[in-house]
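Residue numbers (our numbering), protein chains in the order written: chain A, 1 to 244; chain B, 1001 to 1248.
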């Protein structure tokens, strides 16, 4: 068993009267890729937002590298230095170029040297295959390109854990591929990733463990080989029969 | 210069159209002085009210409920009362509560003079509107963009400076220009507390020279020019801030 990087234990989250997460536990080891799938409204996005404290939760424990997220004295900035996040709608800063988007956080948050950060930012944009687009504004890039800038922006903080929240859901089928290639490359390099996704084929290829959530609980989880070929829970079966 | 003076002097002799400021040295000097005071008043109040707007909009988003209430109270007071009443309030109300000081001639005078009071009250007046204008820009920024900054570890101040303000400013630029134009047109209120600005000196000139229509005409032209320059600068700024593909 590899060292656990993310440990979620009996997490509960409610929005007003509605309990959206009802006791979820999962563990992601260092260098592993966990995929969370499930129908809309099952609490997938809320779950990963709890991991970097974008959403506060009432009960349970989330530990990232031993940092307890539910600690009232939590240093959120310290936590977020370890956790990168990529969103469905890219959420780039539209008034800054691709290069500036990547450079902003290391300079502002980590107070790092500008020249050094700039060199790294060029390298990161090259890595996500956006060479030549450094000085384009987000509005001048396609959805797939913007999403890759967003990935580079997150990587610039040198996180230990990357969260992907339905990052291909807003893209057309053709550009989905170019984003997935980037994520796969990260996974292969040993980045610990938690992906909320509807890309079953991709989950099957890259995941170490696939989690199926429904109505706020993890119904079933298994390595992809057995999860996709041999689901045991009837709800998983019903869901997979519809999407595969 | 002499030619212009001679021409206007001739115009007065032949037609009675009397632009004293162009040929009479004394009138010209006080008119120019008044213009400079107006210019200074515009500069100080525009800068001050924009800063007030930025600070107030920041306060509106603060976690402290008392700070938010304070900003709200400030806006309600200065947006909902006439600016002339505000000027009087500062000059006659507040000023009376402050101690007097002796000037170099040994005479007592108020601690804060008319120009400063006029500046303070106009900054508060236009600032209240600027807070709301900035808020309109800030609230148009998608929440998800701010969430991204948060996830990257930006503090609230960093997010405000790096993301909220630059984006919000672009969105609210037309409204901001409008309010600053209004502010320039409100500066003659300083006349009411004897600040020797353009309208004040014009009044002195037309009282002495009995040339009200001519001075009125000049006033109109100068204010149109002042507002024109401001609008020109704001448009240039707006264009300089334009980002490709942002649609703002």
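The beta carbon of each residue, even a glycine, is placed where N, CA and C say it ideally should be.
Distance check for residue j and residue i, CA to CA, integer angstroms please.
{"i": "residue 83 of chain A", "j": "residue 1052 of chain B", "result": "36 Å"}
{"i": "residue 1240 of chain B", "j": "residue 210 of chain A", "result": "49 Å"}
{"i": "residue 1148 of chain B", "j": "residue 113 of chain A", "result": "22 Å"}
{"i": "residue 169 of chain A", "j": "residue 1073 of chain B", "result": "44 Å"}
{"i": "residue 124 of chain A", "j": "residue 187 of chain A", "result": "15 Å"}
{"i": "residue 1145 of chain B", "j": "residue 1036 of chain B", "result": "44 Å"}
{"i": "residue 178 of chain A", "j": "residue 1076 of chain B", "result": "53 Å"}
{"i": "residue 231 of chain A", "j": "residue 221 of chain A", "result": "9 Å"}
{"i": "residue 128 of chain A", "j": "residue 1038 of chain B", "result": "56 Å"}
{"i": "residue 1049 of chain B", "j": "residue 1119 of chain B", "result": "10 Å"}
{"i": "residue 1129 of chain B", "j": "residue 1113 of chain B", "result": "25 Å"}
{"i": "residue 176 of chain A", "j": "residue 147 of chain A", "result": "10 Å"}
{"i": "residue 46 of chain A", "j": "residue 235 of chain A", "result": "21 Å"}
{"i": "residue 1163 of chain B", "j": "residue 104 of chain A", "result": "10 Å"}
{"i": "residue 1183 of chain B", "j": "residue 1115 of chain B", "result": "15 Å"}
{"i": "residue 29 of chain A", "j": "residue 77 of chain A", "result": "23 Å"}
{"i": "residue 1150 of chain B", "j": "residue 1159 of chain B", "result": "8 Å"}
{"i": "residue 1079 of chain B", "j": "residue 1057 of chain B", "result": "15 Å"}
{"i": "residue 1104 of chain B", "j": "residue 1179 of chain B", "result": "39 Å"}
{"i": "residue 1185 of chain B", "j": "residue 1171 of chain B", "result": "24 Å"}
{"i": "residue 126 of chain A", "j": "residue 142 of chain A", "result": "16 Å"}
{"i": "residue 164 of chain A", "j": "residue 144 of chain A", "result": "14 Å"}
{"i": "residue 61 of chain A", "j": "residue 12 of chain A", "result": "9 Å"}
{"i": "residue 1018 of chain B", "j": "residue 1082 of chain B", "result": "35 Å"}
{"i": "residue 1011 of chain B", "j": "residue 1219 of chain B", "result": "19 Å"}
{"i": "residue 219 of chain A", "j": "residue 130 of chain A", "result": "39 Å"}
{"i": "residue 88 of chain A", "j": "residue 138 of chain A", "result": "15 Å"}
Checking 8 Å against the spacing of the C-beta atoms, do residue i and residue j come in under that value?
{"i": "residue 54 of chain A", "j": "residue 160 of chain A", "result": "no"}
{"i": "residue 1231 of chain B", "j": "residue 1187 of chain B", "result": "no"}
{"i": "residue 1032 of chain B", "j": "residue 1189 of chain B", "result": "no"}
{"i": "residue 200 of chain A", "j": "residue 48 of chain A", "result": "no"}
{"i": "residue 1084 of chain B", "j": "residue 1098 of chain B", "result": "no"}
{"i": "residue 95 of chain A", "j": "residue 1101 of chain B", "result": "no"}
{"i": "residue 213 of chain A", "j": "residue 35 of chain A", "result": "no"}
{"i": "residue 192 of chain A", "j": "residue 31 of chain A", "result": "yes"}
{"i": "residue 44 of chain A", "j": "residue 98 of chain A", "result": "no"}
{"i": "residue 1133 of chain B", "j": "residue 1175 of chain B", "result": "yes"}
{"i": "residue 121 of chain A", "j": "residue 102 of chain A", "result": "yes"}
Reducing DSSP to helix, strand and coil, say where residue i ends up.
{"i": "residue 1054 of chain B", "result": "helix"}
{"i": "residue 2 of chain A", "result": "coil"}
{"i": "residue 1016 of chain B", "result": "coil"}
{"i": "residue 29 of chain A", "result": "strand"}
{"i": "residue 184 of chain A", "result": "helix"}
{"i": "residue 1064 of chain B", "result": "coil"}
{"i": "residue 1132 of chain B", "result": "helix"}
{"i": "residue 54 of chain A", "result": "coil"}
{"i": "residue 1154 of chain B", "result": "coil"}
{"i": "residue 1207 of chain B", "result": "helix"}
{"i": "residue 219 of chain A", "result": "strand"}
{"i": "residue 22 of chain A", "result": "strand"}
{"i": "residue 233 of chain A", "result": "coil"}
{"i": "residue 209 of chain A", "result": "strand"}
{"i": "residue 1234 of chain B", "result": "helix"}
{"i": "residue 1194 of chain B", "result": "coil"}
{"i": "residue 17 of chain A", "result": "coil"}
{"i": "residue 1119 of chain B", "result": "helix"}
{"i": "residue 68 of chain A", "result": "strand"}
{"i": "residue 34 of chain A", "result": "strand"}
{"i": "residue 12 of chain A", "result": "strand"}
With residue i and residue j assumed to form a contact (beta carbons below 8 Å), what rounded beta-carbon distance in angstroms separates them?
{"i": "residue 1020 of chain B", "j": "residue 1027 of chain B", "result": "4 Å"}
{"i": "residue 1198 of chain B", "j": "residue 1222 of chain B", "result": "7 Å"}
{"i": "residue 86 of chain A", "j": "residue 150 of chain A", "result": "5 Å"}
{"i": "residue 69 of chain A", "j": "residue 50 of chain A", "result": "7 Å"}
{"i": "residue 52 of chain A", "j": "residue 79 of chain A", "result": "6 Å"}
{"i": "residue 1062 of chain B", "j": "residue 1068 of chain B", "result": "6 Å"}
{"i": "residue 1173 of chain B", "j": "residue 1214 of chain B", "result": "Not quite, the Cβ-Cβ distance comes to about 37 Å (not below 8 Å), so this is no contact."}
Residue ranges of each alpha helix (DSSP H) within the segment 72 to 147 of chain A, 4 or longer: 76 to 82, 98 to 108 and 114 to 127
Contained beta strand (DSSP E) runs [length at least 3] in the segment 1067 to 1113 of chain B, N- to C-terminal order: 1100 to 1102 and 1108 to 1110
Continuous alpha helix (DSSP H) assignments of at least 4 residues falling wholly in the segment 1018 to 1045 of chain B: 1020 to 1023
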